[in-house]
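J.:
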Amino acid sequence: MWLIRAFEESVSELVGTGEVVGLVHVSIGQEASAVGVCDVLEARDRVYSGHRAHGHVLARGADPTAVMAELMGKATGLCGGKGGSMHLVDVTHGVLGATGVVGGTIPLALGTALALRETAPGAVAVVFFGDGAVQTGYFHECLNMAALWKAPVLLVCENNGYAEFTPRSAHTPVERVTRHAETYGIDARTVDGNDVVAVREAAAALVAPLRGGGGPALLECLTYRMRGHYEGDPARYREASELAEWKAKDPVRRCASAAVERGELSADDAAACEAAARRAVAAAVAAARSAPFPPPSALTEDVGG
Amino acid sequence: MADTTYIGAINDALASAMRRDPAVRIVGEDVAEGGPFGATKGLAAEFGERVRDTPISESSIMGIGAGMALAGLRPVVEIMFIDFITLALDQLANQAAKARYMSGGQLRCPLVVRTSVGAGTRSGAQHSQSLEAWLLHVPGLSVVMPATAADAGGLLLSALRADDPVVVVENKELYFRKEPRVDLAPVPIGAAAVRRPGRDVTCVATSRTVHEALAAADELARDGTEVEVIDPRTLHPLDLDTIVGSVRRTHRCVVAHEAVRQGGFGAEVAALVQEHAFDALDAPVARLGAPYAPVPVSPPLEDAYLVRAPAIAAAVRSLVA
Ligand SMILES: Cc1ncc(C[n+]2csc(CCOP(=O)(O)OP(=O)(O)O)c2C)c(N)n1
Ligand SMILES: [Mg+2]
Numbered sequence: 006m007w008l009i010r011a012f013e014e015s016v017s018e019l020v021g022t023g024e025v026v027g028l029v030h031v032s033i034g035q036e037a038s039a040v041g042v043c044d045v046l047e048a049r050d051r052v053y054s055g056h057r058a059h060g061h062v063l064a065r066g067a068d069p070t071a072v073m074a075e076l077m078g079k080a081t082g083l084c085g086g087k088g089g090s091m092h093l094v095d096v097t098h099g100v101l102g103a104t105g106v107v108g109g110t111i112p113l114a115l116g117t118a119l120a121l122r123e124t125a126p127g128a129v130a131v132v133f134f135g136d137g138a139v140q141t142g143y144f145h146e147c148l149n150m151a152a153l154w155k156a157p158v159l160l161v162c163e164n165n166g167y168a169e170f171t172p173r174s175a176h177t178p179v180e181r182v183t184r185h186a187e188t189y190g191i192d193a194r195t196v197d198g199n200d201v202v203a204v205r206e207a208a209a210a211l212v213a214p215l216r217g218g219g220g221p222a223l224l225e226c227l228t229y230r231m232r233g234h235y236e237g238d239p240a241r242y243r244e245a246s247e248l249a250e251w252k253a254k255d256p257v258r259r260c261a262s263a264a265v266e267r268g269e270l271s272a273d274d275a276a277a278c279e280a281a282a283r284r285a286v287a288a289a290v291a292a293a294r295s296a297p298f299p300p301p302s303a304l305t306e307d308v309g310g
Numbered sequence: 427m428a429d430t431t432y433i434g435a436i437n438d439a440l441a442s443a444m445r446r447d448p449a450v451r452i453v454g455e456d457v458a459e460g461g462p463f464g465a466t467k468g469l470a471a472e473f474g475e476r477v478r479d480t481p482i483s484e485s486s487i488m489g490i491g492a493g494m495a496l497a498g499l500r501p502v503v504e505i506m507f508i509d510f511i512t513l514a515l516d517q518l519a520n521q522a523a524k525a526r527y528m529s530g531g532q533l534r535c536p537l538v539v540r541t542s543v544g545a546g547t548r549s550g551a552q553h554s555q556s557l558e559a560w561l562l563h564v565p566g567l568s569v570v571m572p573a574t575a576a577d578a579g580g581l582l583l584s585a586l587r588a589d590d591p592v593v594v595v596e597n598k599e600l601y602f603r604k605e606p607r608v609d610l611a612p613v614p615i616g617a618a619a620v621r622r623p624g625r626d627v628t629c630v631a632t633s634r635t636v637h638e639a640l641a642a643a644d645e646l647a648r649d650g651t652e653v654e655v656i657d658p659r660t661l662h663p664l665d666l667d668t669i670v671g672s673v674r675r676t677h678r679c680v681v682a683h684e685a686v687r688q689g690g691f692g693a694e695v696a697a698l699v700q701e702h703a704f705d706a707l708d709a710p711v712a713r714l715g716a717p718y719a720p721v722p723v724s725p726p727l728e729d730a731y732l733v734r735a736p737a738i739a740a741a742v743r744s745l746v747a
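Protein sequence lines correspond, in order, to chains L and R. Residues in the first sequence are numbered consecutively from 6, following this note's numbering. Residues in the second sequence are numbered consecutively from 427, following this note's numbering.
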C-alpha cells in the first residue's frame with residue numbers, strides 16, 4: 006500500500022512539474038481496494054481497470070519504473086509511452102486493460118471471464134470501476150448477462166461517493182451498489198473500502214465460489230478519494246470537513262497502525278515499510294526520467310487494421 | 427475592448443438563448459457544476475432545473491434529449507468528449523437524425539449536441555479523437571465546427587434556432603484561446619468564412635487547423651505566396667460555392683484538418699472540388715490530416731501526430747513549385 010501511496014504522491018508532484026503528462030487521476034485514499042482484492046488473485050487471473058488505474062496495476066505487481074515511464078510517455082513505459090495514465094496494460098501481470106471511457110471495461114471483463122472458463126478453468130476475471138460507472142448501461146446489461154451465464158467475474162465497485170464533481174446522490178436514488186445485485190441473485194458485499202483486511206476477506210469469500218464454477222460476484226468498497234477528480238481539480242464542490250473526516254480513516258496509515266497494534270509489526274518495521282516504498286519510487290522516477298522517448302517511427306507502429 | 431474566450435462565448439450564447447427562449451434546456455454530465463471546462467458555469471444558478479445534471483449514461487442522455495426535442499423543447503445535450511459520442515450514436519443516428527424523414531415530415535427534432543474534439547492535451551487515444559466525419563455520413567444531421575470564439579457562440583445561437591438536429595463540434599485546444607470580444611450574434615449555418623484572402627492557393631481548414639493554416643499563410647506571404655484560407659465553419663450543409671469560387675481563382679487547393687486523413691472531411695472536399703472545378707485545377711488537391719493511428723500520449727509522438735503550420739506550408743510550397 007505504501008508503494009501505491011508513495012508512487013501517486015510522486016505522480017502528483019510530477020504532474021506539477023510537467024514531467025507526467027495528460028489527464029491524470031490518482032487513487033490516493035483508495036489504495037485498500039486495489040491491494041485487498043489483488044492479494045487474493047492468482048497469476049492466471051485477469052484484471053481490468055478504469056481511469057483511476059495506477060493502484061490496480063501496481064497491486065498486480067507491475068514494475069513501478071515501467072508504470073512511471075508510461076505516465077511520462079517514455080519508450081520504456083508499460084505501453085511504450087503510447088497509452089498513458091488511463092490506458093495502462095501489463096499482460097505479464099494479467100492486466101488486460103484500463104479505460105478512459107467510464108464503464109468500458111465491464112463488458113471486456115465479462116467476455117474475458119467467459120473465455121477463461123473455457124481456457125483456464127478456475128481462473129477469474131476482475132474489473133475495478135467507480136460508482137459513476139454503475140449508472141452506465143454497460144454495468145446493468147453486464148450484470149444481467151453475467152448472472153444469466155454464471156460467469157466467473159468479480160465486479161469491484163470503488164464507491165468514493167463522487168463522479169467527477171457531482172455527488173452520488175445526484176446520480177441515483179439507490180444508496181448501495183450491492184442493491185443492484187439482488188435483482189439478479191448475485192452474491193454481493195459492501196465493505197469498508199478503507200480497511201484492507203476487510204476488503205481482502207470479502208474478496209476472498211467472493212472469489213472462492215467463482216473458482217469452483219459459480220459466479221458472478223459484486224464487491225462494493227466504500228471509500229473516498231483524498232485528492233480532486235483529476236490532478237489540477239481544486240475540488241471546490243466538497244466540504245473541507247468531509248475530507249478531514251476521511252483523512253482520519255486513511256487506509257494506508259490505518260493498516261500500518263492496526264498491524265502495529267496487533268503486534269504483527271513493530272513501529273520501526275512499519276516506518277521501514279514506508280521508507281522502502283519511498284526509496285523504490287524515487288528510484289523508479291529517476292530511471293523513468295532518464296529513459297528515452299519513443300522514436301518517431303513508433304507513431305504508426307502497432308496500429309493494426 | 428475586453429477579451430473573450432471560445433468557452434466564454436459558448437457560455438454567453440447558452441445564457442442568452444436560455445433567456446430568450448424558455449424552451450431551451452441543458453442536459454449533460456456535471457453541467458450544473460459548470461462542466462469540466464466551464465461551458466455551463468452559472469447557468470444552474472440562473473435557470474434552475476432547466477439545467478439537468480445526468481448520470482454517466484450517454485446513450486440514454488442522447489435519447490432523452492431527442493425525446494425532449496420531439497415534444498417541443500430545445501435541449502442542448504453535452505457529450506463532453508466526442509470519443510463518448512460513440513456510446514450515443516444509436517439515438518443520434520437512428521432516432522434523432524431520421525425522425526423527420528421517417529415520419530414523412532410530421533416530426534421535427536431540434537436537438538443541439540455540444541461535443542469536443544482535439545488532440546494535443548496528452549489525454550490519450552480515448553479523449554482526443556476528431557470523429558466529425560462519421561456524423562457527415564448520417565443524412566439529417568447538421569454539423570458545425572467553430573474555429574473562433576465568435577463562431578463558437580454564433581453557430582450555437584443558430585443551432586438553437588434550427589428545426590433539425592445540429593451537432594456543434596468544439597475543439598478543447600481552443601477553449602481558452604483569447605480573442606477580442608465581438609457582440610454575440612448568430613452565425614448562419616452553411617456559410618463559410620474567408621479567413622484570409624489570397625490569389626495563389628486555396629487552403630480549406632477546419633477548427634484548430636484554421637489557425638495553423640493562417641500561421642502558414644503568414645509565413646508563405648513572406649516568400650510571396652498568397653494563400654486564401656477558407657474556414658467552412660459548417661461541414662454539413664457545406665458552403666461549396668465559396669470553396670469552388672476560390673479554387674477557380676487560385677487553381678490550387680489544400681485541405682487540412684486534425685482528424686485522421688483516411689476517410690476524413692478532406693476526402694469529401696477533394697472529391698467535390700474535382701467534381702465542380704476539375705478544369706480549373708493546376709494540380710491534384712492536397713490533403714493533410716492525422717496519420718492512420720490512434721492519438722498517442724507520448725509528447726513527441728503526439729506532437730508529430732498533429733497537423734501544424736509547417737506541414738501546411740510545405741504542402742502549399744509543393745503545389746506552387
Ligand atoms: C463514457 C464516459 N462519460 C464521461 C466521462 C467523463 N468522466 C471521466 S471520470 C468521470 C466520473 C467517473 O466517476 P466514477 O465512476 O465514480 O469514478 P471515480 O472518478 O470516482 O473514481 C466522468 C464522468 C468518461 N470518461 N467516460
Ligand atoms: Mg466515484
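Beta carbons are placed, not taken as given, at the ideal position from N, Cα and C, and that holds for glycine.
#1: Can you list the residues near ligand 2, meaning Cβ strictly closer than 6 Å to any non-hydrogen atom, in the order they appear in the chain?
#2: Determine which residues of the stretch 466-479 of chain R have a Cβ less than 8 Å from any Cβ of chain L, and write them out in chain order.
#3: Which two residues bound the contiguous beta strand (DSSP E) that contains R/C679?
#4: Around the C-beta of R/E599, are 16 or more other C-beta atoms found within 10 angstroms, so that it is buried, or is it exposed?
#5: Are the C-beta of R/Q552 and some C-beta of chain L separated by less than 7 Å?
#6: Is there a Cβ of chain L sitting closer than 7 Å to that of R/V723, yes or no?
#7: Could you give the first and the last residue of the continuous alpha helix (DSSP H) run that contains L/P301?
#8: Would you call the stretch 637-651 of chain R and the stretch 577-586 of chain R touching, i.e. three or more CB-CB distances under 8 Å?
#9: So L/G190 packs on L/A152, CB below 8 Å; how close in whole Å?
#10: With a threshold of 6 Å (Cβ to nearest heavy atom), would L/V107 be considered close to ligand 1?
#11: Taking 6 Å as the cut-off, does the CB of R/I482 come closer than this to any heavy atom belonging to ligand 1?
#12: DSSP state of L/T1, grouped into three classes?
#13: For L/P299 and L/D68, I'd like the C-alpha separation in whole angstroms.
#14: Check whether the Cβ of R/R540 lies closer than 7 Å to any Cβ atom in chain L.
#15: Grouping DSSP H, G and I as helix and E and B as strand, with all else coil, what is R/P654?
#16: What three-state label does DSSP hand L/N199 in the structure shown?
#17: Just curious, the alpha helix (DSSP H) that L/L83 is in, first and last residue?
#18: Using 7 Å as the limit for Cβ to Cβ distance, is R/A492 near chain L?
#19: Leaving out five residues before and five after L/L115 in sequence, what residues of the same chain have Cβ atoms less than 7 Å from its Cβ?
#20: For L/Q35, count neighbouring C-beta atoms within 10 Å of its own C-beta (all shown protein chains included) and say buried if the count is 16 or more, exposed if not.
#21: Can you pull out the residues from the stretch 108-134 of chain L whose beta carbon lies closer than 9 Å to at least one beta carbon of chain R?
#22: Report the rounded CA-to-CA distance for L/S246 versus L/S271, giving the unit in angstroms.
#23: State yes or no: is the C-beta of R/R625 nearer than 6 Å to some heavy atom of ligand 1?
#24: With a CB to CB cut of under 8 Å and the five nearest residues on each side skipped, what residues in its chain are close to L/E187?
#25: Is L/F133 helix, strand or coil when you go by DSSP?
#26: Looking at the C-beta of R/P717, does it have a partner C-beta in chain L at a distance below 7 Å?
#27: Starting from the Cα of R/V495, find the closest Cα among R/A697, R/Y601, R/I433 and R/Q517 and give me that residue.
#28: Which residues bound the alpha helix (DSSP H) around R/K604?
#29: Within 10 angstroms of the Cβ of L/T22, are there 16 or more other Cβ atoms? Answer buried if so, exposed if not.
#30: Is it the case that the Cβ atoms of R/T668 and R/E654 are separated by a distance below 7 Å?
#31: So which residues on chain R does L/T188 lean against when the C-beta distance must stay under 9 Å?
#32: Are there any heavy atoms of ligand 1 lying less than 6 Å away from the beta-carbon of L/F133, as far as the coordinates show?
#33: For R/N597, report the span of its alpha helix (DSSP H) as first-last.
#34: Tell me, please, whether the CB atom of R/E684 is closer than 7 Å to any CB atom in chain L?
#35: Can the beta-carbon of L/R232 be found less than 7 Å from the beta-carbon of L/V31?
#36: Go to R/V543, then tell me how far its beta strand (DSSP E) extends in each direction, as first and last residue.
T.: Here's the rundown:
#1: L/G135, L/D136, L/G137, L/N165, L/Y167 and L/A168
#2: Close to chain L, meaning a Cβ-Cβ distance shorter than 8 Å, are the following residues of the stretch 466-479 of chain R: D479.
#3: As a first step, residue 679 of chain R must be located in the second sequence, where it is residue number 253. Here the beta strand (DSSP E) through R/C679 covers C679 to V686.
#4: Here residue 599 of chain R refers to the residue found at position 173 when the second sequence is read from its first residue. Buried.
#5: The sequence position of residue 552 of chain R within the second sequence is 126, counting from 1. Judged by the 7 Å Cβ criterion, R/Q552 is in contact with chain L.
#6: As a working mapping, residue 723 of chain R is identified with position 297 in the second sequence. Yes, because at least one Cβ of chain L sits closer than 7 Å to the Cβ of R/V723.
#7: Mapped onto the first sequence, residue 301 of chain L falls at position 296. Element bounds for L/P301: n/a, residue is neither H nor E.
#8: no
#9: One-based indexing of the first sequence puts residue 190 of chain L at position 185. One-based indexing of the first sequence puts residue 152 of chain L at position 147. Between the beta-carbon of L/G190 and that of L/A152 there is about 6 Å, and that keeps the pair under the 8 Å contact cut.
#10: As a position in the first sequence, residue 107 of chain L is number 102, starting the count at 1. L/V107 Cβ: within cutoff of ligand 1.
#11: Stepping through the second sequence from its first residue, residue 482 of chain R is reached at position 56. Flag set: Cβ of R/I482 near ligand 1.
#12: Summary: the structure shown does not reach residue 1 of chain L, with chain L confined to residues 6 through 310, and so no result is reported for it.
#13: Position 294 of the first sequence, counted from the first residue, corresponds to residue 299 of chain L. Position 63 of the first sequence, counted from the first residue, corresponds to residue 68 of chain L. Distance between the alpha carbons of L/P299 and L/D68: 19 Å.
#14: As a working mapping, residue 540 of chain R is identified with position 114 in the second sequence. False, the Cβ-Cβ gap to chain L never drops below 7 Å.
#15: Numbered from 1 along the second sequence, position 228 holds the residue referred to as residue 654 of chain R. Per the sequence presented here, residue 654 of chain R reads as Glu, with Pro not at that position. Secondary structure of R/E654 (DSSP, three-state): strand.
#16: On the first sequence, residue 199 of chain L is found 194 positions in, with the first residue counted as 1. Looking at L/N199 - three-state DSSP - the assignment turns out to be coil, as it is neither helix nor strand.
#17: Position 78 of the first sequence, counted from the first residue, corresponds to residue 83 of chain L. Looking at the DSSP string, L/L83 is not in any alpha helix (DSSP H), and its letter there is neither H nor E.
#18: Taking the first residue of the second sequence as 1, we reach residue 492 of chain R at position 66. Answer no: the Cβ-Cβ gap between R/A492 and chain L never drops below 7 Å.
#19: What you label residue 115 of chain L is simply residue 110 of the first sequence in a count that begins at 1. Cβ neighbours of L/L115 beyond the five flanking positions: C147, M150, A151, A156 and V158.
#20: Taking the first sequence and counting its residues from 1, the one referred to as residue 35 of chain L is at position 30. So L/Q35 counts as buried.
#21: G108 and G109
#22: Here the question's residue 246 of chain L lines up with position 241 in the first sequence. Here the question's residue 271 of chain L lines up with position 266 in the first sequence. If I take the Cα positions, the gap works out to 32 Å.
#23: For this step, residue 625 of chain R is matched to residue 199 along the second sequence. Because no heavy atom of ligand 1 lies under 6 Å away, the Cβ of R/R625 does not count as near it: no.
#24: Taking the first sequence and counting its residues from 1, one reaches residue 187 of chain L at position 182. Closer than 8 Å at the Cβ level, and outside the excluded window around L/E187, lie A193.
#25: Position 128 of the first sequence, counting from 1, holds the residue named residue 133 of chain L. In the structure shown, L/F133 sits in a strand (DSSP, three-state: E or B).
#26: Here residue 717 of chain R is taken as the residue at index 291 of the second sequence, counted from 1. Yes - at least one Cβ of chain L is within 7 Å of the one on R/P717.
#27: Locating residue 495 of chain R in the second sequence gives position 69, where the first residue counts as 1. Per the sequence shown, residue 495 of chain R should be read as Ala rather than Val. Nearest C-alpha to R/A495: R/Q517.
#28: Counting from one through the second sequence, the residue named residue 604 of chain R turns up at place 178. Segment K604 to P606 is the beta strand (DSSP E) holding R/K604; no alpha helix (DSSP H) there.
#29: Counting from one through the first sequence, the residue named residue 22 of chain L turns up at place 17. Taking all protein chains shown into account, L/T22 has fewer than 16 neighbouring C-beta atoms within 10 Å of its C-beta and is therefore exposed.
#30: By 1-based counting over the second sequence, the position of residue 668 of chain R is 242. By 1-based counting over the second sequence, the position of residue 654 of chain R is 228. No, Cβ-Cβ distance for R/T668 and R/E654 is not below 7 Å.
#31: Counting from 1 along the first sequence, the entry for residue 188 of chain L is found at position 183. Near L/T188 there are no residues of chain R at all, since even the closest Cβ is about 18 Å away, more than 9 Å.
#32: For the purposes of this step, residue 133 of chain L is identified with residue 128 of the first sequence, where counting begins at 1. Flag unset: Cβ of L/F133 not near ligand 1.
#33: Here residue 597 of chain R is taken as the residue at index 171 of the second sequence, counted from 1. Not the alpha helix (DSSP H): R/N597 falls in the beta strand (DSSP E), residues V592 to N597.
#34: Taking the second sequence and counting its residues from 1, the one referred to as residue 684 of chain R is at position 258. Not one chain L Cβ lies under 7 Å of R/E684.
#35: Locating residue 232 of chain L in the first sequence gives position 227, counting from the first residue. Locating residue 31 of chain L in the first sequence gives position 26, counting from the first residue. Contact: yes.
#36: In the second sequence, counting from the first residue as 1, residue 543 of chain R sits at position 117. Note, R/V543: beta strand (DSSP E), V538 to V543.
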